[in-house]
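Under numbering that gives the first Met the number 0, residue 569 is the last one in the sequence shown; the count climbs by one each step, no gaps. All remarks here apply to the structure that follows.
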Amino acid sequence: MAENIGLQGTAISDGIGMGKVCLYREDVLEAAAKYTISVSDVAAEIERFNNALAATKGELSDIYQRVLRALSSVEAQVFNAHIMILEDVAFIGEILRRISDDLVNAESALVSTLKVYEEKFRVLPNHYFRDRIQDVNDISRRIVRNLGMKHEGFMCSACHGTPAIVAAEDLTPSLVANLYSKQVTAIIAERGSPISHAAILAKAMGIPVVINIDNLITSLGCGASVIVDGFAGRVYLNPGAELVAEYEVKQKKLRAGAERFMRPFARTKDGVTINFLANAGSLHDIEHAKAHLINDIGLFRTEFLFMDREEEPSVEEQVKVYRDIIYGAAGTVTFRLLDIGGDKIVSFLPLPHQRNPELGLRGARIYDVYPGLINRQIEALLTAKGTRPLNILIPMVSTVKEFTETRKIIFDTLSRLKKSGGADPAGLKVGCMIEVPSAVYLLHYLAGEADFLSIGTNDLIQYVMGVDRNNERLAELSNPFQPAIIKVLSEIAHNSAGMDKEIVVCGELASDPEMAKVLAGLGFRNLSINVHNVEKIGAAISAHTIKELETLAHSILEMKSLEHVLKVFE
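Here you go:
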């Protein structure tokens, strides 16, 4: 094979990985034994299936706890959702029915049930439900393995004991979680999405990932030497000695830089400070933030308390959770009010059918439909506050009226609680999320009403680009380095200049070291980030003067294509 064969993909987790290829293929469902059984064997077969189900639940519980300890509740939540699927009466009941009525073995019943679910989910308009079939597939593979099919998925000896590059057709959350125990230096895949569960897990683990590489598996063999550039989205097959030496130098510089920058801010060479806040979704995340020396929580997602349960949490339960978080943090916590709808489904809340859920009842729009739900959450937050400072953030605001009406609910509730001595107004701030184009154009008016602003870049990208951010075929359009996204962010920075308002940039975009440099160059001074990236972001920003970062940002603003922008960072 020729040296330095380059393959271009999409980079979704930065870093550099070097090693031997380890092929991974999940074909247990296709290879599972399928046969008929007699009536007298039904009870034993059901018992065999139930035992496999219990073993699978135990595995997922272990993974949940491991990911929770090592990463955060955001990444761990997917495995809690997987456990909920194992407890789904309809899904499990259909498998048991096929065993007893069709007289087939457990593997056959599982696979045939899965096919029915795939067909049902595939035609649904809501991508949340379409994407859930990937979770059901992942769980089904685990069950089949626990039924006795010992198939790890790793196909090469290179997967054990030496630094390996995992190459797969697709990635599952279970695969990525299981990489903790292996010396994996990077992941490359034929398919994927920047915001898939597997991608988010890998990013949080600090594993470089490049996806969307055509014919990857057929191009590689076990043990092939590979370099993965998670910054440029490049994969080099059979790298020559000169290229290997070049990337070894890059790796050393990255490691040396990361060790120097674990602190709650970055300071440019000429003394400009960029402050870091942390993204969080649990008390465990708060502890992670403190361990990385970050005091303030820029975005606390409250959905975790409402999802994957059959009833709304009581005010008392919410108060206890919020109080632990407020008093557990080293600084101020910004709580985003309940942001459901779209791809965030709450089982106890019967949202009406919507042809376009992402454009329908979401965030603040839900509050008019279910006022009691948000009133109780606000009451719990204000009660939990005590004497500590508290920021409340209103999501998915499209009009000034939406913001002011929700803010009125907050202060009406505060007045009611004050009369009974149940709330202290000192240190309370109410902020507005800027995540739809209309809010960008209304920025001046919203800033006049809000105490602070937060830019929700995940949804902003989706609505500016008009793209389903969960659609892997359109991953290029949801790339945060698209010129249109940079221009929108520049417009926000320009229009907010001179306002006496704190503005925080949130979302996956803010946690990207290269994008953090651009954000600083555009004028943003507060980034809410994944704490595991704090060293990389600090190193990236601190290597430049603010003038250099401004020049970088302004040069990108003149570019007309994603390809031109990405070349700047090669």
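All C-beta atoms, glycine included, are put in the ideal place defined by N, C-alpha and C. All values derive from a computational prediction rather than experimental measurement.
- Cβ atoms of F451 and K418 stay farther apart than 8 Å, at about 27 Å.
- Under DSSP, F334 shares a beta bridge with F299, I391.
- Relative to V567, the option among P482, L282, E311 whose CA is nearest is P482.
- If you check the CB distance, V135 and I84 come in under 9 Å.
- Residue pairing by DSSP places K516 opposite no residue, since no beta bridge is assigned to it.
- If only complete runs of 4 or more residues are kept, the segment 12-82 shows the alpha helix (DSSP H) at 27-30, 41-69, in order along the chain.
- The three-state secondary structure of N274, taken from DSSP, is strand.
- Taking a C-beta distance under 9 Å as the contact criterion, T301 and H543 do not qualify as a contact pair.
- Under DSSP, F451 forms a beta bridge with G430, E501.
- Sequence-distant partners of I377 (beyond 5 residues in either direction) whose C-beta falls short of 8 Å from its own C-beta, in its chain, are L336, I391, I408, I409, T412.
- Rounded to whole angstroms, the gap between the alpha carbons of D511 and R47 is 46 Å.
- In this structure, I226 keeps its C-beta atom at 9 Å or more from the C-beta atom of M514.
- A Cβ-Cβ distance of about 5 Å is found for the pair A288 and V530, placing them in contact under the 8 Å criterion.
- Our two residues, D338 and G497, have alpha carbons roughly 30 Å apart in a direct line.
- C-alpha of C505 to C-alpha of Y34: approximately 52 Å in a straight line.
- Under a 10 Å Cβ-count criterion, Q64 is classified as exposed, with fewer than 16 other Cβ atoms of the shown protein chains found around its own Cβ.
- Here V435 carries a coil assignment [DSSP, helix/strand/coil].
- Taking the C-beta atoms as reference points, I164 is found nearer than 9 Å to V183.
- Exposure of P424 is indicated by the presence of fewer than 16 other C-beta atoms within 10 angstroms of its C-beta.
- Going by DSSP, Q461 is part of the alpha helix (DSSP H) stretching over 456-464.
- A check of alpha carbon separations from L526 across V564, D458, I293, D367 identifies I293 as the nearest.
- If you ignore the 5 residues before and after L59, its C-beta comes within less than 6 Å of the C-beta of F78, H81, I82, all in its own chain and listed in chain order.
- Beta-bridge partners assigned by DSSP to A265: I273.
- G5 is bridged by DSSP to Y235.
- Per DSSP, the beta-bridge partners of L526 are F275, V504.
- Distance from the Cα of D323 is smallest, within the candidate group M306, G280, R361, G359, for G280.
- Of the residues D295, G359, F303, G362, the one whose Cα lies closest to the Cα of V332 is D295.
- The three-state secondary structure of I285, taken from DSSP, is helix.
- Our two residues, H283 and A43, have alpha carbons roughly 42 Å apart in a direct line.
- By the criterion of at least three beta-carbon pairs nearer than 8 Å, the segment 209-216 is not in contact with the segment 26-40.
- Closest in alpha carbon position to V517, among M432, L551, A383, K500, is L551.
- DSSP places D228 in the uninterrupted beta strand (DSSP E) bounded by 224-228.
- DSSP lists A166, V209 as the bridge partner or partners of I187.
- A10 sits in a strand when the DSSP states are folded into three classes.
- Beta-bridge pairing by DSSP links V103 to T35.
- Counting of Cβ neighbours within 10 angstroms places D499 among the exposed residues, the total staying below 16.
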